[in-house]
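Each number in the working numbering corresponds to the 1-based position in the sequence shown with 229 added.
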Amino acid sequence: MITQIYSIQTVEEALACIEAGADHLGLLPEQLEDGKPIPCGVPKSVCHDILNACRGRAVLSFLSVNDDPQFYYDMASEYHPDIIHVTGKRFFVSEPFVKTIKELSPGTRVMQAVPMTGPEAVDFAKKYAQWADLLILDSVAPDHDEIGAAGVTHDWDLDRQIVESVDVPVIIAGGLGPDNVAAAIEHVRPWGVDSLTKTDEFLPDGTRLQKKDIAKVRAFCQAAKAAGR
230 MITQIYSIQT VEEALACIEA GADHLGLLPE QLEDGKPIPC GVPKSVCHDI LNACRGRAVL
290 SFLSVNDDPQ FYYDMASEYH PDIIHVTGKR FFVSEPFVKT IKELSPGTRV MQAVPMTGPE
350 AVDFAKKYAQ WADLLILDSV APDHDEIGAA GVTHDWDLDR QIVESVDVPV IIAGGLGPDN
410 VAAAIEHVRP WGVDSLTKTD EFLPDGTRLQ KKDIAKVRAF CQAAKAAGR
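So this is what it looks like as structure tokens:
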């Protein structure tokens with residue numbers, strides 16, 4: 230069972246997550262969203278430092294919420310990550326897009342985020358599985374239309390249906406943490422599981438700190454590996 234942890238911001242955090250059992254590390258290169266800097270955005274120099282420290286030790290997934298394909302092309306050319314994670318609101322993978330990414334960065338895989346908003350997600354997943362190397366099934370927060378970072382689960386029956394319907398690896402995400410990842414794996418039987426919100430640090434008042442709680446990361450990875458045997 231592959232374990233993926235978002236959102237890495239420093240070399241130290243990356244190495245600690247690898248030691249805790251993470252197979253994939255996700256990060257967001259600095260970018261704008263609706264004209265504002267994206268939370269957890271990582272400066273270019275730090276992205277390169279993380280790549281240099283972690284290549285061969287973990288799979289590096291670089292995410293963008295951008296709807297301009299040129300941003301993804303620039304990301305592929307600059308970083309040559311293991312995976313490019315496409316999670317725009319209006320832009321989705323296509324055959325020409327994937328072809329261009331692989332020309333710019335041979336060996337890079339393309340992962341399409343699937344918004345798990347209801348039964349329509351199954352047809353969405355089937356469509357984009359034609360071109361994507363991987364799919365990640367993620368929740369959409371009720372108060373905005375962005376895919377991911379919602380901190381809530383969704384209908385795992387739909388996840389299971391997608392896993393059984395496509396021929397590419399599927400990672401499930403959305404409100405997964407040490408407390409529920411085993412149940413999700415047993416229900417869905419995915420290729421991998423992803424965690425962001427529920428492996429972050431929180432203050433006693435419930436305020437989320439946008440950095441990883443390594444004890445939670447370790448517990449998440451251990452629970453996932455045990456359930457995935």
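Idealized CB from N, CA, C, for every residue including glycine.
Arg284 - containing alpha helix (DSSP H), residue span: Boundaries for Arg284: no alpha helix (DSSP H) harbours it, and the DSSP string shows neither H nor E there.
Excluding five sequence neighbours on each side, which residues of the same chain lie with their C-beta closer than 7 Å to the C-beta of Val417? Trp385, Asp388, Arg389, Val392, Ile401
Just to check my reading of the structure: Ile234 and Ala251 have Cβ atoms closer than 8 Å, yes? What is that Cβ distance to the nearest angstrom? 4 Å
Tell me, please, which residues DSSP counts as bridged to Ile312. Ser290, Arg338
Taking the alpha-carbon of Gly317 as reference, which of Glu241, Ser334, Glu262 has the nearest alpha-carbon? Selection Glu241, Ser334, Glu262 evaluated against Gly317 yields Glu262 as nearest (Cα-Cα).
DSSP three-state call for Leu432: helix, strand or coil? coil
Just curious, the alpha helix (DSSP H) that Asp423 is in, first and last residue? Per DSSP, Asp423 belongs to no alpha helix (DSSP H); it is in the beta strand (DSSP E), 421 to 424.
For Phe431, is the classification buried or exposed, using 16 other Cβ atoms within 10 angstroms of its Cβ as the cut-off for buried? exposed
Run through DSSP, which three-state label would Lys265 get? strand
Tell me which residue opens and which closes the alpha helix (DSSP H) that Arg389 is part of. Per DSSP, Arg389 belongs to the alpha helix (DSSP H) from 385 to 392.
Quick one: what's Lys441 bridged to in DSSP? Asp429
Less than 7 Å between C-beta atoms, sequence neighbours within five positions excluded: which residues of the same chain meet that for Val322? Val315, Val339, Gln341, Tyr357, Trp360, Ala361
Nearest-angstrom Cα distance between Val395 and Leu364? 9 Å
Where His309 and Ser368 are concerned, what is the direct C-alpha to C-alpha distance, given to the nearest angstrom? 27 Å
Segment limits, beta strand (DSSP E) that includes Asp396: For Asp396, there is no enclosing beta strand (DSSP E), as DSSP marks it with neither H nor E.
Take Pro298 and list the residues in its own chain whose beta-carbon comes closer than 7 Å to its own, dropping the five residues that flank it on each side. Shown here for Pro298: same chain residues with a beta carbon closer than 7 Å to its own, the five before and five after excluded, namely Phe320, Phe326 in chain order.
Should His277 be labelled buried (16 or more other beta-carbon atoms within 10 Å of its own) or exposed? Exposed is the call here.
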